[in-house]
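Worksheet: one structure, shown below.
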Amino acid sequence: MESKSTFWQKIGLQDWFLPNGKPANAEAATIKALTPDDVYLYIIEKFKESIGQLSFADRVVFYHEFIISFNEEDYQEFINNRSGLFGIIVNESVKKFYELLREYQEVGKKVEPSSSKWVFRLVSHPDYAKGDKGFIGKLLPGSDKKEENLRVTFIPRHTGVAQTLDISNDILKGFTYYSEGYYELPYAYDLNHKEKELDRPGDKILARLDTIMPDKQFVGRKVEYLVMDDDIVVSGNDESREERAIFKVPSDWVNTPHLRIRLNKADGKFYLASFGELTLINEQEVPRSDVNVPQWVDLPFNSKILLNGIVGINLFKPEV
0 MESKSTFWQK
10 IGLQDWFLPN
20 GKPANAEAAT
30 IKALTPDDVY
40 LYIIEKFKES
50 IGQLSFADRV
60 VFYHEFIISF
70 NEEDYQEFIN
80 NRSGLFGIIV
90 NESVKKFYEL
100 LREYQEVGKK
110 VEPSSSKWVF
120 RLVSHPDYAK
130 GDKGFIGKLL
140 PGSDKKEENL
150 RVTFIPRHTG
160 VAQTLDISND
170 ILKGFTYYSE
180 GYYELPYAYD
190 LNHKEKELDR
200 PGDKILARLD
210 TIMPDKQFVG
220 RKVEYLVMDD
230 DIVVSGNDES
240 REERAIFKVP
250 SDWVNTPHLR
260 IRLNKADGKF
270 YLASFGELTL
280 INEQEVPRSD
290 VNVPQWVDLP
300 FNSKILLNGI
310 VGINLFKPEV
């Protein structure tokens, strides 16, 4: 397989931001652990910046989707040892959003949303070192329209000074998304946030998928995906969609798309259709079908799925 450029090489900042893949000075090795307050204040800072960058005349314009990216170790610290904190941080962030928007409204500014919802995606990236954090903002979350570029802000660990630039949507393919870090909230037109509305759609976990990939940058690391939708897609590195119902396996050994998995509510069982070059379930080959005409086969819990003879995925019952 041909080697791929890192995130920072793609945007032309490899030597400046991650020189030789190592910290720029010894201080980088002693970066303090990321705290909940760091995450909260960073989200609020980016929201304020979006108002300053997008607003005009008397119209207050702001991002509705926030992709907040961290180092994998920092991210897993929240997921494993601070479970539920991301949801609380999102809750408090939206409260503060409305407080700031009410202040604009009180001085006669026009506060009208460009979308009917807020979306938060808290993600990790293999090129981020401990202490790094980055931000990507979008005006219309969930839109199928492909934007020409995105505004990205990142804070290099060795300077602490925020830098902003425009990048292509293709850069997003390098980020790893997890269900735990996805939150979607309806926009409150009265600018008063009700905490009960924070519940993530489809919060019930239907199943769990996990995979250990052979790709060099992921050796020995497990990627987990919580199934919260009745119908999901398992796809590879070239996947550009970002919907929650897509499990993007960041590996070149997985086709795009490779699998579709759905829950049949009538019998309570999972079924699988394969669009990839080769798929095995419990060592039995699955017939390849057309994306538009899927051929369904049984997918029992505790099944071992093998993609292209390389990437293994396991299906488990959700933990109670």
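Reminder that position 209 of the sequence shown reads as 208 in numbering that gives the first Met the number 0, one-by-one numbering, no gaps. The beta-carbon is built from N, C-alpha and C at its ideal position, and this holds for glycine as well.
For E276, there is no enclosing beta strand (DSSP E), as DSSP marks it with neither H nor E. Judged by DSSP secondary structure, I211 falls within the beta strand (DSSP E) whose first and last residues are 206-211. Fewer than three beta-carbon pairs drawn from the region 100-110 and the region 36-44 are found closer than 8 Å, and the two stretches are therefore not classed as touching. Shown here, P293 sits in coil according to DSSP, grouped into three states, outside any helix or strand. Ranked by how close their Cα comes to the Cα of I245, the residues I231, G130, P35 have I231 in first place. The Cβ atoms of I204 and V226 sit closer than 8 Å to each other. For N254, the number of other beta carbons within 10 angstroms of its own is at least 16, and it is reported as buried. Counted as a single uninterrupted DSSP element, the alpha helix (DSSP H) harbouring G51 occupies residues 35-53. Take the alpha-carbon of D237 and the one of E276: they are about 15 Å apart. When the Cα atoms are used, V122 and L208 turn out to be separated by approximately 18 Å. Considering only V110, P299, S68, K137, the residue with the shortest C-alpha distance to A56 is V110. The straight-line gap separating the alpha-carbon atoms of I78 and S92 is approximately 19 Å.
Close CB contacts of K94 within its chain, under the 7 Å cut and outside five residues either way in sequence, are with H192 (chain order). For D297 and W117, the gap between their C-alpha atoms comes out near 36 Å.
In the assembly as shown, K247 is a buried residue. Its beta-carbon has 16 or more other beta-carbons within 10 Å. Across the structure, L100 and I67 are spaced so that their CA atoms are roughly 21 Å apart. According to DSSP, I260 shares a beta bridge with I231, L271. Around the C-beta of E282, fewer than 16 other C-beta atoms lie within 10 Å, and the residue is accordingly described as exposed.
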